[in-house]
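Residue numbers (numbering that gives the first Met the number 0): 0 to 154.
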Amino acid sequence: MSKKVISFHYPLTNNSGEVIDSSKGHSPLVFMEGSQQNIPGLEKELLLLKKGDQKKIAVKAAEGYGERDNKFIISVPKDKFPPDVVVGDEFQNSEDEHSMPFKVIAVNEGYVELDANHPLAGVDLTFDVEITDIREASAEELTHGHVHGEGGHHH
Ligand code: ZN
0 MSKKVISFHY PLTNNSGEVI DSSKGHSPLV FMEGSQQNIP GLEKELLLLK KGDQKKIAVK
60 AAEGYGERDN KFIISVPKDK FPPDVVVGDE FQNSEDEHSM PFKVIAVNEG YVELDANHPL
120 AGVDLTFDVE ITDIREASAE ELTHGHVHGE GGHHH
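Pasting the structure below:
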């Protein structure tokens, strides 16, 4: 089965039109079809485009980084934190360095409330994409499940 490797430039804006991320000034983003490197709502649309195409792609939160979920808001006894803990501080789960950082959203009398939702959860996203390249994945890339070369793995 063949898969596409797509390179694209983008600015990403949120519901209020603020730019929250952009590939401007960097290399284009490169991903391989079906490798779960990309959010589903964006990948689906990118696969319909061809090299040189420009398109505004709106991705609802549910097809982006998901809806905010209250189960990711947790309360932890305050004595587990440094005494100067304030709203906005971020803490990493020490057992899993790749987990999302927990953000302090409230400091109360005896406990601290933490939010581990993705920062873009619940946000509707708009990508203004320009496809800079589309090619077939090589046999080696298909075996490895990731892109090699520019923008990908080097090994
Ligand atoms: Zn590889």
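Heads up, the beta-carbon is just placed ideally off N, CA and C, and yes, glycines get one too.
- Annotation for S74: Y110, E112 place their beta carbon closer than 6 Å to its own, counting only its chain and skipping 5 residues before and after.
- Shown here, F71 sits in a helix according to DSSP, grouped into three states.
- Beta bridge pairing from DSSP links V4 with M31, R134.
- By the Cβ-count criterion, A61 is exposed, with fewer than 16 other Cβ atoms from all chains shown falling within 10 Å of its own Cβ.
- Per DSSP, L41 lies in no beta strand (DSSP E) segment; the continuous alpha helix (DSSP H) that holds it begins and ends at 39-45.
- Judged by their CB atoms, V58 and G87 are not nearer to each other than the 8 Å cut-off.
- A residue is called buried once 16 or more other Cβ atoms fall within 10 Å of its Cβ, and N69, having fewer, is exposed.
- For H25, the shortest C-beta to heavy atom distance toward ligand 1 is 7 Å or greater.
- At least one heavy atom of ligand 1 falls within 7 Å of the beta-carbon of H152.
- When Cβ pairs closer than 8 Å are counted between the two stretches, the region 115-123 is seen to touch the region 8-23, the count reaching three or more.
- Annotation for K102: the continuous beta strand (DSSP E) segment containing it runs 101-106.
- Here the C-alpha atom of G63 lies approximately 36 Å from the C-alpha atom of D78.
- Remark: fewer than three beta-carbon pairs, one from each stretch, lie closer than 8 Å, so the region 100-107 and the region 31-49 are not flagged as touching.
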